[in-house]
Amino acid sequence: MMSVLETYGKELVALLVPIFTWVFNVFFKAKAKLQVAQPHQFTFLVQQPLINSEGKQVSPAQTVRTNSFIIRNAGRDSATKLELVFNWKPMCINLWPIRHYEEHIEPDRRYVLIFDSLAPGEALGVEVLTVNEDLPNLVTVRSVQCMAQNINMYPQPVISSTVRRAATVLMALGLAAAVYLGIILLQFLVLRTPLGH
Numbered sequence: 001m002m003s004v005l006e007t008y009g010k011e012l013v014a015l016l017v018p019i020f021t022w023v024f025n026v027f028f029k030a031k032a033k034l035q036v037a038q039p040h041q042f043t044f045l046v047q048q049p050l051i052n053s054e055g056k057q058v059s060p061a062q063t064v065r066t067n068s069f070i071i072r073n074a075g076r077d078s079a080t081k082l083e084l085v086f087n088w089k090p091m092c093i094n095l096w097p098i099r100h101y102e103e104h105i106e107p108d109r110r111y112v113l114i115f116d117s118l119a120p121g122e123a124l125g126v127e128v129l130t131v132n133e134d135l136p137n138l139v140t141v142r143s144v145q146c147m148a149q150n151i152n153m154y155p156q157p158v159i160s161s162t163v164r165r166a167a168t169v170l171m172a173l174g175l176a177a178a179v180y181l182g183i184i185l186l187q188f189l190v191l192r193t194p195l196g197h
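Be aware that the sequence shown starts at 1, since it is given in UniProt numbering, and climbs by one per residue.
Structural data, given as structure tokens:
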């Protein structure tokens, strides 16, 4: 094995360089990456009777249901023609930040919101509300470039900036050590020089 590496070491390195370049181009290329999360959902029981058009009490209380969604582009490229598809049109919908959008109702009653784009790092909050009705599910979030990935959210403590900086420094040192050891190993395999000389 060592004789093969000694004989063809430079050719193997010359072959691996374009392969690594291709891998970095394909897997680390700037692209859109949509994420959708549901941080909050709640049902309020409102102690106010529901009265029909004839003046008769239908129910002693009413329910108000709310649901929140956050759509975020975590990628490094813009997501174009962003579509949000609900099972049906909700009674009330609120977007934050306020943006221009188009809406369509499909023949099967699906409710579609279309946004021109979502920039890298940009987030869009969507709040839906209904009174005495079920909330529609958010069926699909997609763009021309990709489908959104569902992200579970849960409360967690905020880590201090000092701890984050220390972790960043330690990770950078570990990466530098790995690169250095890789270069030393490559030098030993290709040039057959003793380690560290």
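All C-beta atoms, glycine included, are put in the ideal place defined by N, C-alpha and C.
This one's a predicted model, so the numbers in the text were calculated from it and none came from an experiment.
Query - For tyrosine 111: DSSP bridge partner residues - result: Phe86 and Ile105
Quiz item: Quick one: does alanine 123 have its CB under 7 Å from some CB of chain D?
Solution: No chain D is present in this structure, which holds just one protein chain.
Using C-beta distances below 7 Å, list every residue in its chain close to methionine 91, excluding the 5 sequence neighbours before and after it, in chain order. Leu129, Thr130, Val131 and Glu133
Serine 53 in three-state terms, based on DSSP: coil
query: Quick one: Cα of glutamine 187 to Cα of threonine 21, how far?
result: 20 Å
TODO: Could you say if the stretch 103 to 120 and the stretch 173 to 180 meet the contact criterion of at least three C-beta pairs nearer than 8 Å?
DONE: no
Practice problem: With DSSP as the reference, label asparagine 137 as helix, strand or coil. | Solution: coil
### Task
Return the residue from the list Gln62, Trp88 and Ser68 that minimises the CA-CA distance to asparagine 152.
Ser68
**Rounded Cβ spacing between glutamine 47 and alanine 61 (contact assumed at less than 8 Å)** = 5 Å
For leucine 124, collect the residues of the same chain with a Cβ closer than 6 Å to its Cβ; drop the 5 residues on either side in sequence, then sort them by chain order.
Ile71
Using a Cβ-Cβ cutoff of less than 6 Å, which residues in the same chain neighbour leucine 84 once the five nearest sequence positions on both sides are dropped?
Leu113 and Val141
From proline 157 to alanine 167, what distance separates their C-alpha atoms?
16 Å
Original post:
Does the beta-carbon distance from aspartate 77 to alanine 119 come in below 7 Å?
Top reply: no
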